[in-house]
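The numbering of the sequence shown is the working numbering, which starts it at 2 and goes up by one. Backbone N, C-alpha and C define an ideal beta-carbon position, used for all residues, glycine too.
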Amino acid sequence: MDSNKKIYLAPLEGVTDSIFRNTFKKYFGGVDKYYTPFISPNSTFKFTTREFKDIDPEKNDINTTVPQLLTNKAEHFLWAAGEIASLGFKEINFNLGCPSGTVVAKKKGSGLLYYPEELDSMLYEIFAGLKNDIQVSIKTRLGKLESDEFYEILEIYNKYPISELTIHPRVQKDFYREPIHPDFFQYAYSNAKAPLVFNGDVKTISDIDDTFNNYPLINAVMIGRGLISNPKLALEFKKVQRTNP
Ligand SMILES: Cc1cc2nc3c(=O)[nH]c(=O)nc-3n(C[C@H](O)[C@H](O)[C@H](O)COP(=O)(O)O)c2cc1C
2 MDSNKKIYLA PLEGVTDSIF RNTFKKYFGG VDKYYTPFIS PNSTFKFTTR EFKDIDPEKN
62 DINTTVPQLL TNKAEHFLWA AGEIASLGFK EINFNLGCPS GTVVAKKKGS GLLYYPEELD
122 SMLYEIFAGL KNDIQVSIKT RLGKLESDEF YEILEIYNKY PISELTIHPR VQKDFYREPI
182 HPDFFQYAYS NAKAPLVFNG DVKTISDIDD TFNNYPLINA VMIGRGLISN PKLALEFKKV
242 QRTNP
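Take a look at the structure:
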């Protein structure tokens with residue numbers, strides 16, 4: 002296996018704040034990128050104190066931390082992207098996966114996936130309006146109600162220069178417990194233009210190995226709960242990778 006495979010820490014609201022991320026990095030590590038829990042830019046055009054604290058460059062490594070945005074307005078996204086770029090970050094992640102009822106009711110997170118035309122025009126405005134040299138990645142589910150919504154969603158994603166597309170192969174109504182739909186990740190693997198990242202239920206070294214063996218062209222796996230329950234997982238994977246390149 003390519004010995005340069007990457008592990009990303011998934012954003013977990015209420016868990017993976019900057020204190021968690023810095024402590025994790027100091028005592029465990031093995032993670033190549035740390036995604037922040039979502040920030041919700043709005044018409045105040047200001048970060049809250051708590052939001053700014055979580056992306057303050059004095060408390061974060063700007064090269065390995067990726068701030069995540071949750072919004073359904075390109076104007077709010079672009080404002081936050083400009084601020085985040087000016088702080089020195091290299092990448093911003095767009096949350097199109099959050100399944101929470103209150104978020105979805107506002108047509109945000111995975112709620113926006115149910116409105117493909119709005120999703121498309123928002124992405125058009127974002128990529129047309131980005132002023133800074135910052136990469137935009139996306140973290141997505143397959144849809145809201147049925148996995149086959151994903152065919153149209155992927156066609157939309159394929160129109161834009163998304164730096165990485167992380168797919169959590171569940172729909173909104175699956176939340177975090179229903180079985181994942183690997184056949185739809187496979188569909189994306191064959192049809193997506195953006196580099197893919199797999200996310201969902203990866204908990205052990207053998208799960209990581211299986212993912213990279215099943216999808217040999219992907220470079221990264223994003224892990225949430227697996228790294229919370231075993232914070233040594235990424236480091237152990239990197240050690241095995243170095244021993245058996
Ligand atoms: C408590 C909790 C909070 C989460 N917060 C976020 C979030 O802020 N942004 C996001 O994109 N995903 C969020 N997620 C989803 C995770 O990033 C991840 O996609 C999900 O847990 C599946 O990956 P895993 O099986 O490796 O944990 C959250 C999940 C949980 C359980």
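> How long is the line joining the alpha carbons of ILE93 and ASP134, rounded to whole angstroms?
Replying inline: Walking along the sequence shown from the start, residue 93 turns up at place 92. Walking along the sequence shown from the start, residue 134 turns up at place 133. ILE93 and ASP134: Cα-Cα distance of roughly 11 Å.
> Alpha carbon to alpha carbon, how far is ASN73 from LEU113?
Replying inline: Here residue 73 corresponds to residue number 72 of the sequence shown, with the count starting at 1. Here residue 113 corresponds to residue number 112 of the sequence shown, with the count starting at 1. About 7 Å.
> Fully enclosed by the region 143-202, which alpha helix (DSSP H) runs are 4 residues long or longer?
Replying inline: Taking only runs of at least 4 residues, the alpha helix (DSSP H) segments lying wholly in the region 143-202 are 151-158, 183-192.
>> Taking 8 Å as the limit between beta carbons, can you name the residues of its chain near VAL222, skipping five residues before and five after?
In response: Residue numbering aside, residue 222 sits at position 221 when the sequence shown is read from its first letter. Taken in chain order, the residues that qualify are LYS6, LYS7, ILE8, TYR9, VAL198, PHE199, ASN200, VAL203, ILE209, THR212, PHE213.
> Can you tell me whether ALA81 is buried or exposed, with buried defined as 16 or more other CB within 10 angstroms of its CB?
Replying inline: Taking the first residue of the sequence shown as 1, we reach residue 81 at position 80. Under the 10 Å beta carbon count, ALA81 is surrounded by 16 or more other beta carbons and is classified as buried.
>> Could you compute how far the alpha carbon of LEU228 sits from the alpha carbon of ARG243?
In response: Looking up residue 228 in the sequence shown gives position 227. Looking up residue 243 in the sequence shown gives position 242. Those two C-alpha atoms are separated by around 20 Å.
>> Quick test of your reading: PRO42 and GLN69, contact by CB under 8 Å. State the CB separation rounded to the nearest angstrom.
In response: On the sequence shown, position 41 is the one that residue 42 refers to. On the sequence shown, position 68 is the one that residue 69 refers to. The Cβ separation is near 11 Å, so there is no contact.
> By how many angstroms is the C-alpha of VAL241 removed from the C-alpha of ILE181?
Replying inline: The count along the sequence shown starts at 1 and reaches residue 181 at position 180. The count along the sequence shown starts at 1 and reaches residue 241 at position 240. Taking the straight line from one Cα to the other gives about 27 Å.
> What's the C-alpha gap between GLY31 and LYS47?
Replying inline: Sequence index remark: in the sequence shown, residue 31 carries index 30 (1-based). Sequence index remark: in the sequence shown, residue 47 carries index 46 (1-based). Taking the straight line from one Cα to the other gives about 33 Å.
> How long is the line joining the alpha carbons of LEU218 and LYS194, rounded to whole angstroms?
Replying inline: Stepping through the sequence shown from its first residue, residue 218 is reached at position 217. Stepping through the sequence shown from its first residue, residue 194 is reached at position 193. Distance between the alpha carbons of LEU218 and LYS194: 12 Å.
>> Relative to the C-alpha of GLN187, which candidate in GLY130, ASP149, GLN173 has its C-alpha closest?
In response: As a working note, residue 187 is residue 186 in the sequence shown. Checking every option, the nearest Cα to that of GLN187 belongs to ASP149.
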